[in-house]
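S.K.: Quick one: the structure is below, and I'll ask about it shortly.
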Amino acid sequence: MIKSEWFYWLIGAIFLVMAVQMLRDSTNPKRYGTAAFWGLLGLGFIYATWVVQKQAPAEPLGVAVLVMAVLGGFGLTGKGERRTTTSEQRDESARKLGSKLFIPALTIPVVAVVCATVLKGQTIGGQVILEKGSETILGLGFGAVAALVVGMLILRERRVATPINEGRSLLEAMGWAMLLPQMLATLGSLFSTAGVGEQVGKITANVLPSGQTYVAVAVYCIGMAVFTFVMGNAFAAFPVMTAAIGWPVLIQGAGGDPHVVLAVGMLAGFCGTLTTPMAANFNIVPATLLELKDQYGPIKAQIPTAIPLLACNIVIMSIFAF
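Take the sequence shown: its letters are residues 0 to 321, numbered as in numbering that gives the first Met the number 0.
Structure, rendered in structure tokens:
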């Protein structure tokens, strides 16, 4: 059986190797903080296995997360000088390779789909090949490894150190913002466990006039956008707002079609994604990588789309869900 934990260990090991590289990079004025940040993350991927298996305490992971928050929040991480090709060399390489550059990127979803469908449930000697329930995540891991091999073959790159060095440069460029989606998703789970959705539902039930279905639709959609704006992740906002309004008010109370209510509700949340810096992987990281003068430029460009789209989602749910 191939277990998903093996890929988590691989990811952790890669982070640790990059942390060592960062520590030795004298061109990075904040190399110690940078190495500590990514090294703690790498250790967390490995140590968490024993936490899940109840063989180690979880408190060290919590301390590591707090230390990482301090390192990132107080600007103790940075980046060194990147040793790479010139823009002219990259342009020439892109012209020479053409559409072949898309092959590694397309390799990942193809391998992931094969693992999640064809290899799912397949056995050897009476034992399943892929860990049950983890076929998709294993497919993603296999796809990433396969894409790396394919990319190196296309580019005729023989040194494994090259993709590691490029990955390290990318980590340093994105910084702590790369982890913000995961942390915000965890925040959504905490909100759900703490019963925030139930409390919001009670408040909504007391405030909303009885029988005002379309007002409830607007509150649900706008609430999804607002909670997503705060959390930076529509998947984190979804359980909170659905437990508060979507399921009890719109589906059970008003008899709405669950498929329409839940699908359009998620789309309404994505409208909030377009307008918040908390969705760092969508809005802040691209601006950083592209070295835009205004890091909030993508958000400013997306707001004129987000607001009308939210209004359209309210109308679509009102028409097709009831």
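In this text, a Cβ means the ideal position worked out from N, Cα and C, and glycines have one as well.
For residue 217, is the classification buried or exposed, using 16 other Cβ atoms within 10 angstroms of its Cβ as the cut-off for buried?
M.R.: Residue 217 should be labelled buried.
S.K.: Hey, residue 263 and residue 316: beta-carbon distance below 9 angstroms or not?
M.R.: It is a contact, given that the beta carbons lie within the stated cut-off.
S.K.: So, is residue 268 buried or exposed, given that buried needs 16 or more other C-beta atoms within 10 angstroms?
M.R.: Answer is buried; the Cβ neighbour count reaches 16.
S.K.: Only counting the same chain, and skipping five residues up and downstream in sequence, which positions put a Cβ closer than 6 angstroms to that of residue 36?
M.R.: So the list reads 67, 70, 76, once near-sequence residues are dropped.
S.K.: May I ask you to report which of helix, strand or coil DSSP gives residue 333?
M.R.: Since the displayed the chain opens at 0 and closes at 321, residue 333 lies outside it and no answer follows.
S.K.: For residue 129, which of helix, strand or coil comes out of DSSP?
M.R.: In the structure shown, residue 129 sits in a strand (DSSP, three-state: E or B).
S.K.: Which value, in whole angstroms, describes the spacing of the CA atoms of residue 270 and residue 125?
M.R.: Taking the straight line from one Cα to the other gives about 48 angstroms.
S.K.: On a CA-only basis, which of 161, 109, 72 is nearest residue 137? Give me that one, please.
M.R.: With distances taken between Cα atoms, residue 137 lies closest to 109.
S.K.: For residue 171, report the span of its alpha helix (DSSP H) as first-last.
M.R.: 160–173 is the span of the alpha helix (DSSP H), which, as asked, contains residue 171.
S.K.: Would you say residue 17 and residue 41 are within 9 angstroms of each other, going by their C-beta atoms?
M.R.: The answer is yes: Cβ separation under 9 angstroms.
S.K.: Need the endpoints of the alpha helix (DSSP H) that residue 4 sits in, please.
M.R.: Counting along the chain, the alpha helix (DSSP H) containing residue 4 begins and ends at 3–22.
S.K.: Anyone know if the C-beta pair for residue 301 and residue 280 falls short of 9 angstroms?
M.R.: No, these two residues do not count as a Cβ contact at 9 angstroms.
S.K.: Is residue 49 buried or exposed, if buried means 16 or more other CB atoms sit within 10 Å of its CB?
M.R.: By the neighbour-count rule (16 or more Cβ atoms within 10 Å), residue 49 is not buried but exposed.
S.K.: Three-state secondary structure (DSSP) at residue 307?
M.R.: In the structure shown, residue 307 sits in a helix (DSSP, three-state: H, G or I).
S.K.: Please state the DSSP three-state secondary structure of residue 291.
M.R.: Three-state DSSP puts residue 291 in coil, outside helix and strand.
S.K.: When the Cα of residue 73 is compared with those of 174, 154, 307, which residue comes out closest?
M.R.: For residue 73, the nearest C-alpha among the options comes from 174.
S.K.: Whether or not the stretch 157–170 and the stretch 4–20 are in contact is what I'm after, with contact meaning three or more pairs of Cβ atoms, one per stretch, closer than 8 angstroms; do they touch?
M.R.: Segments in contact, yes.
S.K.: Unbroken alpha helix (DSSP H) runs of length 4 or more, entirely within the stretch 81–118: which are they?
M.R.: The qualifying runs are 86–96, 101–116.
S.K.: Please state whether DSSP places residue 28 in a helix, a strand or coil.
M.R.: Three-state DSSP puts residue 28 in coil, outside helix and strand.
S.K.: How about residue 309 and residue 221: do their beta carbons lie closer than 9 angstroms?
M.R.: Yes, the pair counts as a contact, with Cβ atoms nearer than the cut-off.
S.K.: Assuming residue 272 is part of the alpha helix (DSSP H), what are its boundary residues?
M.R.: Per DSSP, residue 272 belongs to the alpha helix (DSSP H) from 257–272.
S.K.: How far does the alpha helix (DSSP H) with residue 141 in it reach, from first residue to last?
M.R.: Its alpha helix (DSSP H) spans residues 134–154.
S.K.: Would you check if the distance between the CB atom of residue 186 and the CB atom of residue 230 is smaller than 9 angstroms?
M.R.: In contact: residue 186 and residue 230 (Cβ atoms closer than 9 angstroms).
S.K.: Taking the alpha carbon of residue 104 as the point to measure from, which residue in 151, 171, 223 has its own alpha carbon closest?
M.R.: The shortest Cα separation from residue 104 among 151, 171, 223 belongs to 151.
S.K.: I think residue 321 touches residue 255, with their Cβ atoms under 8 angstroms apart; what is that distance to the nearest whole Å?
M.R.: Yes, they are in contact, since the Cβ atoms of residue 321 and residue 255 sit about 6 angstroms apart, within 8 angstroms.
S.K.: Taking the Cβ atom as the reference point for each residue, do residue 228 and residue 274 lie within a distance shorter than 9 angstroms?
M.R.: Cβ distance < 9 angstroms, so residue 228 and residue 274 count as in contact.
S.K.: Closest to residue 29 by C-alpha separation, out of 2, 78, 4, would be which residue?
M.R.: Of the candidates 2, 78, 4, the one whose C-alpha sits nearest the C-alpha of residue 29 is 78.
S.K.: Just checking my contact of residue 61 with residue 106 at CB under 8 angstroms: how many whole Å lie between their CB atoms?
M.R.: Contact doesn't hold; Cβ gap of about 37 angstroms is too wide.
S.K.: Drop a sphere of 10 angstroms on the beta-carbon of residue 32, count the other beta-carbons inside from all chains shown, and report buried for 16 or more, exposed for fewer.
M.R.: Buried.
S.K.: Spatial neighbours of residue 130 within its chain, please: C-beta separation below 8 angstroms, excluding the five flanking residues on both sides.
M.R.: Hits under 8 angstroms: 0, 1, 2, 3, 137.
S.K.: Taking the alpha helix (DSSP H) that residue 282 belongs to, which residues open and close that run?
M.R.: It spans 279–282 - the alpha helix (DSSP H) in which residue 282 sits, taken as one unbroken run.
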